[in-house]
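**Student:**
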Amino acid sequence: MNILAIESSCDETAASVIRREGDAFSVLSSIVASQIETHRLYGGVVPEIASRAHVEAVSAVTYEAMEKASLSLSDMDLVAVTAQPGLIGALLVGVNFAKSLAAANHIPLVAVDHIKGHIAAAYLGEKPLPEPPFLAMALSGGHTAFYLVESYTDFSVVGTTRDDAIGESFDKIGRLIGIPYPAGAGFDRLAAEGFLSATGKENAPLSLYKKSAAYKDKTMHLPSPALADGSLDFSFSGLKTAAINLLHRFEQSGEDFDRALFAARYTYEAVEAVAKKTEEALARHRVKHLVMAGGVAANSHLRKRIAEVAKKAGIALHIPSLSLCGDNAAMIGAQGYYEYLAGHTADSSLNASAADSIV
Ligand code: KG4
Ligand code: ZN
């Protein structure tokens, strides 16, 4: 089965052709046209500019994906499109384009939830696939949540952030220490420098950093974003506010400020919080597989730490390849396949929604 997928929920216009054969997926093409340079000027995504850029790019990106896969519309068995959640004007561009393509070419259409798509990125190129029921984490610019995946299409939220998302917090704090938007990858590299200077070791485990003098430095104290109320919830706004106050204090006192050690401390608190809640989630929901997905799943420190948690719990960890952690359309195609199997086809009345579909 050949699937043409389209994604336009935020600041990347993406299209992909994937194939499902037997019990595995293969990615024949995955084109991502990023608008990051356009939005960088403003330090974040400007919704109106994003919508217009999607209109300009969606057709070319879609045809490029088919060309790269050496296939045409007549070879497509399914069109999958992100319909929610995201920026409404941005989503509408992809949804309307996909509806017209599907209707004009008599191809079945399915609507895909962007977050389910992020998780489905872990099924691409992977064998065996994680078998439901499993736990999944979506860590992105807009989401920080744990889901219990009962089947490939039935998800329920078992923990979430009460305020900011983890990626959003990296972006906001990163901007304050001079890392251009989106700050996640730059933050990751700066934190690596900080962990190295704190421990004197390349790729040191976070347990070693915890023993270092840098970790014991009280002027760099930051609170854990893991809520201590027995839930699987987070507050990244609390961590972010404490970090902003800390940066102000350094600025006002004129004391020496080590950006790398600060990035390491912030990363440590964020990563340890996710690790702690992952351990709790695995203790509560007895599953054999864990998926970690979304843009922040590209974080090198988090990948290493969650691998330790999974090993200790004796479960299989599935993380998408680096190129499929961020927004792309191949992941939308993978989820689209399961929506189609479940009979969830859409028609020309399909609309987009800014809201989450998973509750
Ligand atoms: O999933 P995604 O591409 O878009 C959303 O659906 O939000 O996630 C984007 C987020 C941004 O906040 C970005 O800074 C973050 O993922 N990110 C990272 C890394 N790479 C991207 N955060 C931490 N470490 C990284 N290496
Ligand atoms: Zn995303």
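Just so you know, the sequence shown maps onto residues 107 to 465 in the working numbering. Positions of the beta carbon are idealized from the N, C-alpha and C atoms, including for glycine.
(1) The beta strand (DSSP E) with Asn108 in it runs from where to where?
(2) Helix, strand or coil for Gln516, going by three-state DSSP, please let me know.
(3) Under 6 angstroms: does the beta carbon of Gly290 sit that close to some heavy atom of ligand 3?
(4) Can you have a look at Ser132 and say buried or exposed, based on whether 16 or more other CB atoms are within 10 angstroms of its CB?
(5) So what's Ile438 in DSSP terms, helix, strand or just coil?
(6) Kindly indicate which residue of Val161, Asp462, Gly223 has the alpha-carbon position closest to the one of Ala196.
(7) Given the structure, does Ser429 come close to ligand 2, in the sense that its CB is under 6 angstroms from one of the ligand's heavy atoms?
(8) Leaving out five residues on either side along the sequence, give the residues of the same chain with a beta carbon under 8 angstroms from the beta carbon of Glu154.
(9) Would you decide whether Gln358 is buried or exposed? Buried here means 16 or more other CB atoms lie within 10 Å of its CB.
(10) Short of 6 angstroms in beta carbon distance, which residues of its chain neighbour Ala440, apart from the five on each side in sequence? Order them along the chain.
(11) Based on the DSSP output, what are the partners of Leu245 in its beta bridges?
(12) For Ala422, which residues does DSSP report across the bridge?
(13) Starting from the Cα of Arg371, find the closest Cα among Arg125, Phe276, Gly449, Met107 and give me that residue.
(14) Decide if Ala413 is buried, meaning its Cβ has at least 16 other Cβ atoms within 10 Å, or exposed.
(15) Check whether the segment 295 to 308 touches the segment 328 to 343, counting contact only when three or more Cβ pairs, one atom from each stretch, lie closer than 8 angstroms.
(16) Taking the alpha helix (DSSP H) that Phe293 belongs to, which residues open and close that run?
(17) Beta-carbon separation of Ser178 and Ala436 under 7 angstroms?
(18) Within 10 Å of its beta-carbon, does Thr384 have 16 or more other beta-carbons around it, so buried, or fewer, so exposed?
(19) Among Leu408, Ala419, Val397, which has the Cα closest to the Cα of Gly223?
(20) What does the alpha-carbon distance come out to for the pair Gly248 and His407?
(21) Does the separation of the CB atoms of Tyr253 and Ala271 fall below 7 angstroms?
(22) Can you tell me whether Ala461 is helix, strand or coil according to DSSP?
(23) Give a single yes or no on whether Ala404 has its beta carbon closer than 6 angstroms to a heavy atom of ligand 1.
(24) Around the C-beta of Val465, are 16 or more other C-beta atoms found within 10 angstroms, so that it is buried, or is it exposed?
(25) Grouping DSSP H, G and I as helix and E and B as strand, with all else coil, what is Ala332?
(26) For ligand 2, which residues have a Cβ under 5 angstroms from at least one heavy atom, in chain order?
(27) So who's on the other strand from Thr188, going by DSSP bridges?
(28) How should Asp335 be labelled, buried or exposed, when 16 other C-beta atoms within 10 angstroms of its C-beta is the threshold for buried?
(29) Per DSSP, Arg390 forms a beta bridge with which residues?
(30) Is Ile142 helix, strand or coil by DSSP?
(31) Give the DSSP-derived three-state secondary structure of Glu127 in the structure shown.
(32) Give the DSSP-derived three-state secondary structure of Ala121 in the structure shown.
(33) Quick one, which of Ser463, Asp453, Ala376, Met172 has its alpha-carbon nearest Leu213's?
(34) CB-CB under 7 angstroms to Val218, same chain, minus the five flanking residues each way: which ones, in chain order?
(35) Is any non-hydrogen atom of ligand 1 found closer than 6 angstroms to the C-beta of Phe276, if you look at the structure I gave you?
(36) Do three or more CB pairs link the segment 387 to 406 to the segment 359 to 368 at distances below 8 angstroms?
**Tutor:** With the structure as the only source:
(1) That run of the beta strand (DSSP E) goes 108 to 113.
(2) What the structure shows of the chain is the stretch from 107 to 465, and residue 516 is not part of that stretch, so it cannot be assessed.
(3) This structure simply doesn't include ligand 3; it includes ligand 1 and ligand 2 instead.
(4) Residue environment: Ser132 is assigned as exposed (fewer than 16 neighbouring CB atoms within 10 Å of its CB, all protein chains considered).
(5) Of the three classes helix, strand and coil, the one that applies to Ile438 here is helix, per DSSP.
(6) For Ala196, the nearest C-alpha among the options comes from Val161.
(7) Not under cutoff, so the answer is no.
(8) Excluding its 5 nearest sequence neighbours in each direction, Glu154 has C-beta neighbours in its own chain below 8 angstroms: Gly195, listed in chain order.
(9) By the neighbour-count rule (16 or more Cβ atoms within 10 Å), Gln358 is not buried but exposed.
(10) Correct list, in chain order: Phe131, Ala226, Tyr229, Leu230.
(11) According to DSSP, which records beta bridges pairwise, Leu245 is partnered with Thr250.
(12) Answer is His395, bridged to Ala422.
(13) That would be Phe276, whose Cα lies nearest to the Cα of Arg371.
(14) So Ala413 ends up on the exposed side.
(15) Counting C-beta pairs closer than 8 angstroms gives fewer than three between the segment 295 to 308 and the segment 328 to 343, which falls short of the contact rule.
(16) Segment 290 to 305, the alpha helix (DSSP H) holding Phe293.
(17) With contacts defined as CB atoms closer than 7 angstroms, Ser178 and Ala436 fail to qualify as a contacting pair.
(18) Buried, since its Cβ has 16 or more Cβ neighbours within 10 Å.
(19) It is Val397.
(20) So the alpha carbons of these two residues sit roughly 20 angstroms apart.
(21) The answer is no: Cβ separation not under 7 angstroms.
(22) DSSP places Ala461 in the coil class of the three-state scheme, outside both helix and strand.
(23) Yes, the beta carbon of Ala404 sits closer than 6 angstroms to at least one heavy atom of ligand 1.
(24) Classification of Val465: exposed, given that the 10 Å Cβ count is below 16.
(25) Look at Ala332 here: in three-state DSSP terms it is strand.
(26) Selection output, chain order preserved: Ser246, Asp433.
(27) Val218, per the DSSP bridge assignment.
(28) So Asp335 ends up on the exposed side.
(29) Looking at the DSSP assignment, Arg390 forms no beta bridge with any residue, so it has no partner.
(30) DSSP places Ile142 within a helical segment (H, G or I) once states are collapsed to three.
(31) Glu127: strand per DSSP, three-state reduction.
(32) DSSP places Ala121 in the strand class (E or B) of the three-state scheme.
(33) A small correction: the amino acid at residue 213 is Ile; Leu does not occupy that position in the sequence shown. Checking every option, the nearest Cα to that of Ile213 belongs to Asp453.
(34) Correct list, in chain order: Ala186, Val187, Thr188, Ala189, Ile438, Gln441, Gly442, Glu445.
(35) Yes, the Cβ of Phe276 comes within 6 angstroms of a heavy atom of ligand 1.
(36) No contact exists between the segment 387 to 406 and the segment 359 to 368.
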